[in-house]
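Colleague: Below is a structure I'd like to ask you about.
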Amino acid sequence: MKKSVLAIALFGAAFAHADYQFEAGAFVGQGDISQGNNEVDFDTFGVLGALHFAPVDTSKGPLAEAAFLSRSSSINFGFTSIEPDFDNADDLDTFSFGGRAVTAQNVILEAGYSTTEYGDEESDSVRIGAGTYLTPNADVVVSYQTSDDDSVDEDRLGVDFHGVNSLMQGASFAYDLSLAYIDGDSDNGHAIGVGGTYYFNPAFGIGLSAELEEVGDIDSDTVTLDLSYFPQPNLQLVAAYFDQDAVLETEGVLIGASLRF
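Following this line, the structure appears as structure tokens:
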């Protein structure tokens, strides 16, 4: 019993002083896209990173939530490529970058841009947002996003809530709720998303999320199950399973890792 208590104490101490300012990661995955009896496999990979303007305090709760709990200001970037498994297929590549600033008055400002290329087709998306911390562990952000490609334009006005609640014996629960109004070229619609992550301790969490979207006669629902684990304070391992049912049905798995410095 004493050894167990000592191990828990040492574990907590090891994870209490792993402050960082830069993080970078990569992931790989595979899955399939189907419609009726037609099915295509795909491979995917990506890289991502974030630079924080000040060291992030990791002693306030789950390591995966450290930047949020520290009210960190940062810039971020990402690249994702999806490679369909058939002859002469074009890759679907997405580049993104953005940032989040939190003022001394707890005002949140966000901005982001992404572009997606598929053969000769290209689509762009711009998002801006503003919000505030409602409590030390919860925030709300209202955002506007506009997306356009060669055939379809779409505007989205949304509100996102995120929070982290401390539980007994070092556990925590993080939750998300998102609502959006969608204005398309010919049809309007809405989207709602809910999610939660249970952290058994600062290093390990399991999350489940779902999103429902309806625009005109087109419905889409997505379910994601993910795991996050820190074997070391500066090393995160992640895994995820996702299933999206829309005009096309997409299912796949991802695994990845990131380092913090």
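Residue numbers for the sequence shown, in mature numbering (1 follows the signal peptide of the UniProt record, and there is no 0): -18 to -1, 1 to 243.
In this text, a Cβ means the ideal position worked out from N, Cα and C, and glycines have one as well.
1. Is the CB-CB distance between residue 95 and residue 81 below 8 Å?
2. What does residue 178 pair with, by DSSP beta-bridge criteria?
3. Suppose the cutoff is 6 Å on Cβ atoms and the five residues either side in sequence are ignored; what does the same chain contact list for residue 21 look like?
4. Among 47, 27, 63, whose alpha-carbon lies nearest the alpha-carbon of residue 118?
5. Looking only at C-alpha atoms, which of 114, 52, 134, 27 sits nearest to residue 104?
6. Would you check if the segment 154 to 174 and the segment 204 to 222 touch, i.e. whether three or more CB-CB distances between them fall below 8 Å?
7. Please report the Cβ distance between residue 121 and residue 115, rounded to the nearest whole angstrom; I am assuming they are in contact, meaning their Cβ atoms lie under 8 Å.
8. Once you ignore the five residues that flank residue 161 on each side, which residues in its own chain have a CB closer than 6 Å to its CB?
9. Go ahead and pull the three-state DSSP assignment for residue 68.
10. Report the CB separation of residue 7 from residue 30 in whole angstroms; it is logged as a contact under 8 Å.
11. Taking the alpha helix (DSSP H) that residue 51 falls in, what are its first and last residues?
12. Tell me whether the segment 199 to 211 and the segment 66 to 74 touch, counting them as touching only if at least three CB pairs, one residue from each stretch, are closer than 8 Å.
13. Which one of 131, 166, 210, -1 has the shortest CA to CA distance from residue 195?
14. Beta strand (DSSP E) containing residue 101: first to last residue?
15. Roughly how many angstroms separate the alpha carbons of residue 85 and residue 67, rounded to a whole number?
16. Would you call the CB atoms of residue 188 and residue 229 closer than 8 Å?
17. Taking only three categories from DSSP, how would you classify residue 243?
18. Using the Cβ count rule (16 or more neighbours within 10 Å means buried), how would you classify residue 2?
19. Can you give the Cα-Cα distance for residue 54 and residue 126, rounded to whole angstroms?
20. I need the straight-line Cα distance from residue 87 to residue 110, nearest angstrom please.
21. Which of the three DSSP states is assigned to residue -17 in this structure?
22. Quick test of your reading: residue 28 and residue 62, contact by CB under 8 Å. State the CB separation rounded to the nearest angstrom.
23. Just confirm the distance between the C-beta atoms of residue 163 and residue 139, as a whole number of angstroms; I'd bet it's less than 8 Å.
Modeller: To lay it out plainly:
1. Residue 95 is not a Cβ neighbour of residue 81, given a cutoff of 8 Å.
2. Residue 178 is bridged to 157, 190.
3. Within the same chain, residue 21 has close Cβ partners 14.
4. Per the C-alpha coordinates, the member of 47, 27, 63 positioned closest to residue 118 is 47.
5. For residue 104, the closest alpha carbon among the candidates 114, 52, 134, 27 is that of 134.
6. Cβ pair count under 8 Å is below three, so no.
7. Right, the Cβ-Cβ distance comes to about 5 Å (below 8 Å), so this counts as a contact.
8. Within its own chain, the residues whose Cβ lies closer than 6 Å to the Cβ of residue 161, once the five positions on either side in sequence are excluded, are 141, 174, listed in chain order.
9. Correct three-state label for residue 68: coil.
10. The pair is a contact, with the Cβ atoms about 6 Å apart (cut-off 8 Å).
11. That run of the alpha helix (DSSP H) goes 48 to 51.
12. The segment 199 to 211 vs the segment 66 to 74: no contact.
13. The shortest Cα separation from residue 195 among 131, 166, 210, -1 belongs to 166.
14. Per DSSP, residue 101 lies in no beta strand (DSSP E) segment and is marked neither H nor E.
15. Taken atom to atom, the span from the alpha-carbon of residue 85 to that of residue 67 is near 46 Å.
16. Residue 188 is not a Cβ neighbour of residue 229, given a cutoff of 8 Å.
17. Correct three-state label for residue 243: coil.
18. Using a 10 angstroms sphere on the CB of residue 2, the tally of other CB atoms reaches 16 or more, which defines it as buried.
19. Distance from the CA atom of residue 54 to the CA atom of residue 126, rounded to whole angstroms, is 22 Å.
20. One C-alpha to the other measures close to 19 Å.
21. Unreliable positioning characterises residue -17 in this predicted model, as indicated by a pLDDT of 39, which lies under 50. The coordinate reading is nonetheless provided below. Helix, per DSSP.
22. The beta-carbon distance between residue 28 and residue 62, rounded to whole angstroms, is 4 Å. This is short enough to meet the 8 Å contact definition.
23. Rounded, the Cβ-Cβ distance is 5 Å, consistent with contact.
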